[in-house]
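Here the numbering used here is used: the first residue of the sequence shown is 75, the next is one more, and so on.
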Amino acid sequence: GRARFAALSLNHIKELPHGIFQDILLNELSKRARVPLESLNQQVKMSGETKPELLVPTDSSFTKLRLAPPLRLAMALLIQQPKLAELIQEPLSEENHLAGQLFFIQLIEIIKNNINWTTGALLEYWRGQKEEAFIGKLAQFEHMVPEESFEKAFLGAIRQIMALNHDEAVNRLLAKAAGNGLSDEEKQQLSLLIAKKKALITQ
Numbered sequence: 075g076r077a078r079f080a081a082l083s084l085n086h087i088k089e090l091p092h093g094i095f096q097d098i099l100l101n102e103l104s105k106r107a108r109v110p111l112e113s114l115n116q117q118v119k120m121s122g123e124t125k126p127e128l129l130v131p132t133d134s135s136f137t138k139l140r141l142a143p144p145l146r147l148a149m150a151l152l153i154q155q156p157k158l159a160e161l162i163q164e165p166l167s168e169e170n171h172l173a174g175q176l177f178f179i180q181l182i183e184i185i186k187n188n189i190n191w192t193t194g195a196l197l198e199y200w201r202g203q204k205e206e207a208f209i210g211k212l213a214q215f216e217h218m219v220p221e222e223s224f225e226k227a228f229l230g231a232i233r234q235i236m237a238l239n240h241d242e243a244v245n246r247l248l249a250k251a252a253g254n255g256l257s258d259e260e261k262q263q264l265s266l267l268i269a270k271k272k273a274l275i276t277q
């Protein structure tokens with residue numbers, strides 16, 4: 075019933091980083107399940123950190139990926155509305171990347187080269203390949219983002235991915251600083267990365 079629907083949906087929302095698209099989903103869930111928004115917000119605050127969900131079925135031959143919540147959301151939204159690829163102006167990092175991010179980058183390029191493709195065309199493209207089950211699962215992923223908010227949620231997820239990429243690069247440089255130290259160029263790079271992350275968070 076409605077209570078089960080609310081509980082399942084809330085579990086998905088809890089995995090998302092705090093931000094505008096999490097707020098959008100909570101508002102939407104409150105309306106659909108007729109649960110006070112304050113109650114939902116309280117449950118999210120009490121949930122603490124959660125582990126990313128294993129998306130790829132165990133019987134899939136495609137590499138099992140544990141996707142970070144913003145990457146999972148961005149992939150699902152992109153597959154469900156491929157034209158979102160046009161919103162990506164700055165390429166995502168291929169060096170300091172999350173698990174599954176290189177495939178996401180590949181997916182973006184495929185869609186940009188076939189911008190009129192629909193979800194059905196994407197499913198057909200991957201049919202019979204090792205990624206088929208993975209793409210199919212994301213195409214049906216219930217993220218609770220209303221269609222009119224797809225763009226805002228997608229761009230929010232992209233910013234979160236970029237912030238996590240910057241985190242990875244910053245941590246790598248900090249680890250080196252604790253060992254052999256950093257060159258002047260690396261110190262400048264570290265400062266730039268920290269500034270970029272702050273800018274992403276405040277957007």
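From the three backbone atoms N, C-alpha and C, an ideal C-beta is built for every residue, glycine too.
All values derive from a computational prediction rather than experimental measurement.
Compare the Cα-Cα distances from residue i to each of the options and report the closest residue.
i: Asn101; options: Glu206, Phe208, Val219; result: Val219
i: Lys270; options: Lys261, Gln262, Ala237; result: Ala237
i: Glu206; options: Phe177, Lys105, Ser113; result: Phe177
i: Ile235; options: Lys261, Leu147, Lys157; result: Leu147
i: Phe215; options: Lys261, Gln155, Tyr199, Glu169; result: Gln155
i: Leu266; options: Gly253, Arg246, His240, Asn254; result: His240
i: Glu225; options: Ala159, Thr192, Pro110, Arg106; result: Ala159
i: Asn190; options: Lys157, Asn245, Glu169; result: Lys157
i: Glu164; options: Leu111, Arg233, Arg106; result: Arg233
Kindly indicate which three-state DSSP category residue i falls into: helix, strand or coil?
i: Arg146; result: helix
i: Pro131; result: In this prediction, Pro131 scores a pLDDT of 39, lower than 50, which makes its location untrustworthy; the coordinate-derived value is nonetheless stated afterwards. DSSP places Pro131 in coil when its eight states are reduced to three.
i: Gly122; result: For Gly122, the predicted model reports a pLDDT of 48, less than 50, meaning its position is unreliable; a value from the coordinates is still stated below. It is coil, neither helix nor strand.
i: Pro156; result: helix
i: Ile162; result: coil
i: Gln175; result: helix
i: His217; result: coil
i: Ser257; result: coil
i: Val244; result: helix
i: Glu102; result: helix
i: Ser113; result: helix
i: Ala273; result: helix
i: Ser265; result: helix
i: Arg108; result: coil
i: Ser167; result: coil
Do residue j and residue i come within 9 Å of each other at the CB atom, strictly closer than that value?
i: Ala142; j: Gly174; result: yes
i: Ala213; j: Leu145; result: no
i: Leu274; j: Leu264; result: no
i: Phe195; j: Asn187; result: According to the sequence provided, residue 195 is Ala. The question's Phe does not apply to it. Taking 9 Å as the Cβ cut-off, Ala195 and Asn187 do not qualify as a contacting pair.
i: His171; j: Ile184; result: no
i: Ala243; j: Ser167; result: yes
i: Ile162; j: Ile182; result: yes
i: Phe228; j: Leu103; result: no
i: His217; j: Leu99; result: yes
Those runs of the alpha helix (DSSP H) which lie wholly inside the segment 182–208 and span at least 4 residues: Listed in chain order, the complete alpha helix (DSSP H) runs (minimum 4 residues) inside the segment 182–208 are 193–199.
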